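Here the protein sequences line up with chains A and B, keeping their order.
Counting in my numbering, the first sequence runs from 216 upward without gaps.
Counting in my numbering, the second sequence runs from 216 upward without gaps.
Each residue gets a CB set at the ideal place from its N, CA and C atoms; glycine is no exception.
Model, not experiment: these values are computed from the prediction.
Reviewing the structure listed below.
2 protein chains.
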Amino acid sequence: MPISKNITAAIQNSSVIRKMFEEGIRRVKLYGEENVFDLSIGNPVFEPPPEVKQALLTIAQSDEKGTHRYMPNPGYTTSRDFICRLYQKETGLSLATEDVVFTTGAAGALNVIFKTLLDPGNEVIVLMPYFSEYDFYFSNHGGTAKRVDTNVHFHFDFDNLEKALAPGVKAVLINTPNNPTGVVYNKEELDQLGKLLSRKSKEFGYPITLVSDEPYKNLSYGVDTPSIFNSYDNSIIITSYSKDLAIPGERIGYIAISPNHEDRTQIQNGAVVSLRILGFINAPAIWQRVIPLVGNAKVDLKPYRENRDLLYDHLTKCGFECTKAEGGFYLFPKSPIEDDREFIKSAQELNLLMVPGSAFRRPGYFRLAFCFETDFIHRSLPLFTKLAEQYGIA
Amino acid sequence: MPISKNITAAIQNSSVIRKMFEEGIRRVKLYGEENVFDLSIGNPVFEPPPEVKQALLTIAQSDEKGTHRYMPNPGYTTSRDFICRLYQKETGLSLATEDVVFTTGAAGALNVIFKTLLDPGNEVIVLMPYFSEYDFYFSNHGGTAKRVDTNVHFHFDFDNLEKALAPGVKAVLINTPNNPTGVVYNKEELDQLGKLLSRKSKEFGYPITLVSDEPYKNLSYGVDTPSIFNSYDNSIIITSYSKDLAIPGERIGYIAISPNHEDRTQIQNGAVVSLRILGFINAPAIWQRVIPLVGNAKVDLKPYRENRDLLYDHLTKCGFECTKAEGGFYLFPKSPIEDDREFIKSAQELNLLMVPGSAFRRPGYFRLAFCFETDFIHRSLPLFTKLAEQYGIA
């Protein structure tokens, strides 16, 4: 074995999506970019809000010295305090500077948090369907995923959750608004989850940490995105600016620890050590400086909402079963046949690229992203009609 | 145990340096910044070369679209090809785009490479003294450090190396120019190391990878810094722009795989998977764009050389035993007493902050950084005189 066995296996497992990706490139070359509809990856085509460009320009023109040096690992105090004020306003809770740790995006933040929390053999509950690379964010640090099914609407199934909560479960990871389903958890169900976790924490004699991964928090369509901080004390929020500022290539996000977490100080200190030893050291300095300058600016939600409506209406009209996304920029319809990979292959034959639900541990579904120009989405619609006809659901 | 046992231990172990750091802050508050000489951390006070500022400005002013989006995980092709051309020029070897993987600094790169290479139980040879956080870059991924002593001049001790090279050793990690010693390995010793590793690879039936961590490569004072690519085929170079562009807070570096590495393709693919699953995803987009625009610009070496000479001359005049650094920005003199922590405490009492050699797994020495204004270094000299008098070596 020339390289790590785990990595060799991961290369092989990721080869399905990689092959799809390569097939997409082949098709673009063969049929032209305007004729291939790649809805597989959530890489928004929209530009960041003008405030981002203005902030970058301000920083680039500044004569301030020392702005590219090391700062304390968790980031600049001014940037962290800016985040504290956001949470104060939203939740009424007073976070200290130390509760906020800037990270290289949400994926970096999740690795830092699970490195901090997990001992070998610990389990983390995840709700199917989910972004399957989460599994690595546990196994990298000796933990394992404990997979729990959601209900038919992709919301919490409290019976399943209660059954899964056993000693050794160190954390529960949720993602709201959800990738791939578009579901947003409401206040009532978060409160109910909080109560369940409080009861189980008491029973087990240690706090079960609720980790909420929320990069789509500011992309919701007419629903609230309530904070877990107001539903459960032992909680940690992970987020990034990749989606709401449309800067996924820049890797900037943060960890926010609830000031009411029983292990608040240990988690603060542990996150700093984890940042360092995993090799992140600190989040890119320039993006830490951009964040407070940008204030509350976000990408324009109008095209997202239009795209969602356009696709959802067309898909359901065609006969696809689909939950209407309340947030994020994905739809997760039911595949007309059980074998979602087979279905995805048929779509590919029509130059329509999507991801099979099995890649999110929910076979029988498929995911499509709608973070593209509305005209592009428009031009993709006839292909869904064709697919529906092909599978006799139209 | 509220958080991970390993992390709890790491917090406790790092508390020595943390306490020093806090003591430094306390002293700055008490005695004023101009009266405390913190030579403990390698955080250059110099500004990046003007080309960096110009490149940032060019990027900030550009109307090009999509520059903050996801790109392929290992980085932009144009930026990677820029690196390939540098190696072509230096070593005569033709690296392919795929041989270069951009990373969030060298610490990120090292984690990516050891995640890629190591199976649980594998060993990595490291040469004492060394930056002790290397240990985590192995243990994070199931590996362990196999510590080998250098000779009295901090160069390779080939007898020790040959003894340590046993089956299960997957890699050898070197750091040149060296932190903390300032040693630069010359062509002859790198060739000899290459020959030894070739022989042992053949003997063990798998390639032993030589990983060279080279963030100080462009900071040398009158000596060559030969490439390991010309001394050994199964080699990987890790570097960052933190030091030679003075942008350590920005986290930009890369992995370069020798095109002659037996496992070249597996390592390329493995590094991409590791980038993803460790949560790095890709190096910050904006800094990947800056690198080719900056060309060959580097920080001005004049103050570094002046500082080195000033400190080295003064220290040896005072009676300290010290190797003259040929590269990097550290000196690693012998402590006048065996207990280096005790010595560091005495220095601290004089408001002179440095790091004990035991933090680099070579007790009886101490490390001081010289990446500061020459005037600042100048003003610190009387404190070394005082220390020498205090310990009766003057």
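At a C-beta separation below 8 angstroms, Asn258/B has these neighbours in chain A: Arg284, Tyr285.
Between Pro441/B and Asn393/B a beta carbon distance of about 14 angstroms is seen, past the 8 angstroms cut, so the two are scored as non-contacting. Counting only residues of its own chain and dropping the five nearest sequence neighbours on each side, Glu541/A has a CB closer than 7 angstroms to the CB of Pro392, Gly397, Val398, Val399, Ser435, Tyr436, Val438. Annotated as distal: Phe351/A and Phe329/A, with beta-carbon spacing of 7 angstroms or more.
Burial state of Pro263/B is buried, judged by a 10 Å Cβ sphere holding 16 or more other Cβ atoms. At a cut-off of 7 angstroms between beta-carbon atoms, Pro217/A makes contact with chain B.
A straight line joining the alpha-carbon of Ala603/B with that of Ala609/B spans about 5 angstroms. Under a criterion of Cβ atoms nearer than 7 angstroms, no residue of chain A is adjacent to Ile423/B; the nearest Cβ is some 11 angstroms distant.
A residue is called buried when at least 16 other Cβ atoms come within 10 angstroms of its Cβ; Lys532/A does not meet this threshold and is exposed. In this model, Glu588/B and Ser255/B are separated by some 15 angstroms (Cα to Cα).
One thing to note: Ile443/A has its Cβ within 7 angstroms of the Cβ of Leu405/A.
Assignment of beta-bridge partners to Phe581/A by DSSP yields Pro571/A. Here Thr331/B really is in contact with Ser219/A; their C-beta atoms are around 6 angstroms apart, less than 8 angstroms. The residues Leu596, Phe599, in chain order, have a CB closer than 7 angstroms to that of His529/A in the same chain once the five nearest residues on each side in sequence are set aside.
Cβ-Cβ distances below 8 angstroms link Leu565/B to Leu598, Lys601, Leu602 in the same chain, with the five nearest sequence neighbours on each side left out; the list follows chain order. In terms of Cα proximity to Lys549/B, the closest of Tyr606/B, Lys513/B, His593/B, Asn221/B is Tyr606/B.
Flagged as an interface residue toward chain A: Gly485/B, by a C-beta distance shorter than 7 angstroms. Against chain A, the beta carbon of Phe495/B has neighbours under 7 angstroms at Thr319, Gly323, listed in chain order. For the C-beta of Asp334/A, the chain B residues within less than 8 angstroms are, from N- to C-terminus, Met216, Ser219, Lys220, Asn221. Bridge partners of Asp364/B according to DSSP: Met343/B. Going by beta carbons, Asn326/A and Leu493/B fall inside the 7 angstroms limit. Chain A places a beta carbon closer than 7 angstroms to that of Phe351/B, counting this residue as a contact. Cβ-Cβ distances below 6 angstroms link Arg504/A to Ile274 in the same chain, with the five nearest sequence neighbours on each side left out; the list follows chain order. Taking 7 angstroms as the Cβ-Cβ cut-off, the stretch 443-463 of chain A approaches chain B at Ala461, Ile462, Pro463, given in chain order. At a beta-carbon threshold of 9 angstroms, none of the residues of chain B lie near Leu380/A; the nearest stands roughly 18 angstroms away. Against chain A, the beta carbon of Leu271/B has neighbours under 7 angstroms at Ala275, listed in chain order. Exclusion of the five residues before and after Leu310/B leaves Cys299, Tyr302, Pro474 as the residues of its chain whose Cβ lies within less than 6 angstroms of its Cβ. For Glu536/B, the CB contacts under 8 angstroms within the same chain, skipping 5 residues up- and downstream, are Pro548, Lys549 in chain order. The residue among Arg284/A, Val243/A, Met235/A, Pro289/A with its C-alpha nearest the C-alpha of Phe317/A is Pro289/A.
Neighbours of Val488/A across chain B, judged by C-beta separation under 8 angstroms: Ile222, Ala225, Ile226, Ser229. The contact set of Lys244/B on chain A, defined by CB atoms closer than 8 angstroms, is empty, because the minimum CB distance reaches about 16 angstroms. Comparing C-alpha distances from Leu272/A to each of Arg414/A, Tyr469/A, Trp502/A shows the shortest one belongs to Trp502/A. One alpha carbon belongs to Gly281/A, the other to Val487/A, and they sit about 22 angstroms apart. Apart from sequence neighbours up to five positions away, the residues of its chain that approach Arg576/A with a beta-carbon distance below 7 angstroms are Met343, Pro344, Tyr345, Ser347, Arg362, ordered along the chain. One Cα belongs to Phe373/A, the other to Val384/A, and the distance between them is close to 16 angstroms. In the DSSP assignment, the residues bridged to Tyr545/A are Ala584/A.
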